[in-house]
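Report on one structure; see the data block that follows.
Numbering (this note's numbering), first residue to last: 10 to 211.
Written as structure tokens, this is what we have:
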């Protein structure tokens with residue numbers, strides 16, 4: 010069965026008042042993400058060893074195999090973006106109680122978490138991602154990955170929150186001001202309810 014572009018969990022104009030315009034979502038979701046899905050399906054059709062495998066299986070199979078780098082790039086980006094759309098909300102920025110307690114426990118304060126996340130996101134050179142993950146030790150940590158890599162491929166733990174720092178994700182709204190984009194995400198767009206649900210489901 011072919012992979013499909015997931016529907017956004019909100020309207021394309023729903024995030025505009027919080028700093029992500031409709032054109033950004035139309036291009037990012039409808040063009041960029043769709044291109045990854047289309048390319049991934051092409052690889053699956055042409056490579057019998059990928060037939061019938063789940064997305065996570067394809068990522069595991071391809072991430073360390075240089076001959077399958079194009080497969081990994083598209084599979085990883087499909088997975089990353091499926092997470093990303095859920096990490097945005099028109100009512101974002103509000104941190105629910107259980108997640109706040111865990112952030113304070115593991116980072117010292119919410120502000121310290123945000124500082125660590127912003128540091129990861131702004132120091133990822135070139136294209137990539139910043140993540141909040143629950144490690145195998147039961148503690149929250151912030152990580153960053155380049156290009157299509159993610160906490161799944163790097164075995165870093167359960168993903169709770171992810172931010173795309175590829176330039177196409179913020180250029181229309183913030184031009185080259187990545188730090189402003191990251192701060193806006195943390196304070197106005199981040200779907201912390203989704204992050205908490207992932208934490209509770211771990």
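Where a beta carbon is used, it is the ideal one built from N, C-alpha and C, also for glycine.
This structure is a prediction, so every number in the text was calculated from the model and none was measured.
Checklist entry - How long is the line joining the alpha carbons of residue 64 and residue 49, rounded to whole angstroms? => result A straight-line Cα-Cα distance of about 10 Å links residue 64 and residue 49.
Item to check | C-alpha distance - residue 144 paired with residue 153, whole-angstrom precision | outcome: Those two C-alpha atoms are separated by around 14 Å.
Next on the checklist: When you compare the stretch 73–80 with the stretch 100–113, are there three or more beta-carbon pairs, one atom per stretch, that lie closer than 8 Å?
Outcome noted: Counting C-beta pairs with one atom in each stretch, the stretch 73–80 and the stretch 100–113 have fewer than three that are closer than 8 Å, which means they do not touch.
Checklist entry - Nearest-angstrom Cα distance between residue 71 and residue 211? => result Cα to Cα, residue 71 sits roughly 25 Å from residue 211.
Checklist entry - Can you name, in chain order, every residue of its own chain whose Cβ lies under 6 Å from the Cβ of residue 196, other than the five neighbours on each side? => result Counting only Cβ-Cβ distances below 6 Å, and skipping sequence neighbours, we find 102.
Checklist entry - How many whole angstroms separate the CB atoms of residue 157 and residue 86, which I take to be in contact at a CB cut-off of 8 Å? => result 5 Å between Cβ atoms; contact.
Item to check | Inside the stretch 98–130 only - alpha helix (DSSP H) runs reaching at least 4 residues | outcome: Segments of the alpha helix (DSSP H) lying fully in the stretch 98–130: 106–116.
Item to check | Per DSSP, the bridge partner or partners of residue 155 | outcome: Partner(s): 137.
Checklist entry - Taking buried to mean at least 16 other C-beta atoms within 10 Å of its own C-beta, is residue 106 buried or exposed? => result Looking at its Cβ environment, which holds fewer than 16 other Cβ atoms inside 10 Å, residue 106 is exposed.
Next on the checklist: The alpha helix (DSSP H) that contains residue 197, what's its start and end?
Outcome noted: Looking at the DSSP string, residue 197 is not in any alpha helix (DSSP H), and its letter there is neither H nor E.
Item to check | Of the listed residues 123, 168, 31 and 170, nearest to residue 189 (C-alpha basis) | outcome: For residue 189, the nearest C-alpha among the options comes from 123.
Checklist entry - Three-state secondary structure (DSSP) at residue 14? => result If DSSP states are grouped into helix, strand and coil, residue 14 belongs with coil.
Next on the checklist: Assuming residue 85 is part of the alpha helix (DSSP H), what are its boundary residues?
Outcome noted: Segment 78–95, the alpha helix (DSSP H) holding residue 85.
Next on the checklist: So, at 8 Å on beta carbons, what are the nonlocal neighbours of residue 132 in its own chain, with the 5 sequence-adjacent residues on each side left out?
Outcome noted: For residue 132, where only same-chain residues beyond five positions count, the Cβ hits under 8 Å are 153.
Checklist entry - Nearest to residue 27 by CA position, among 182, 204, 187 and 206, is which residue? => result When only C-alpha atoms are compared, the closest one is 182.
Checklist entry - Based on Cα-Cα distance, which residue from 46, 22 and 194 lies nearest to residue 232? => result Any property of residue 232 remains undetermined from this structure, which presents the chain solely from 10 to 211.
Next on the checklist: Using DSSP's beta-bridge definition, name the partner residues of residue 173.
Outcome noted: DSSP lists 138 as partners of residue 173.
Checklist entry - Considering only residues of the same chain and omitting the five flanking positions on each side of residue 18, which have a CB-CB separation below 7 Å? => result Cβ-Cβ distances below 7 Å link residue 18 to 94 and 95 in the same chain, with the five nearest sequence neighbours on each side left out; the list follows chain order.
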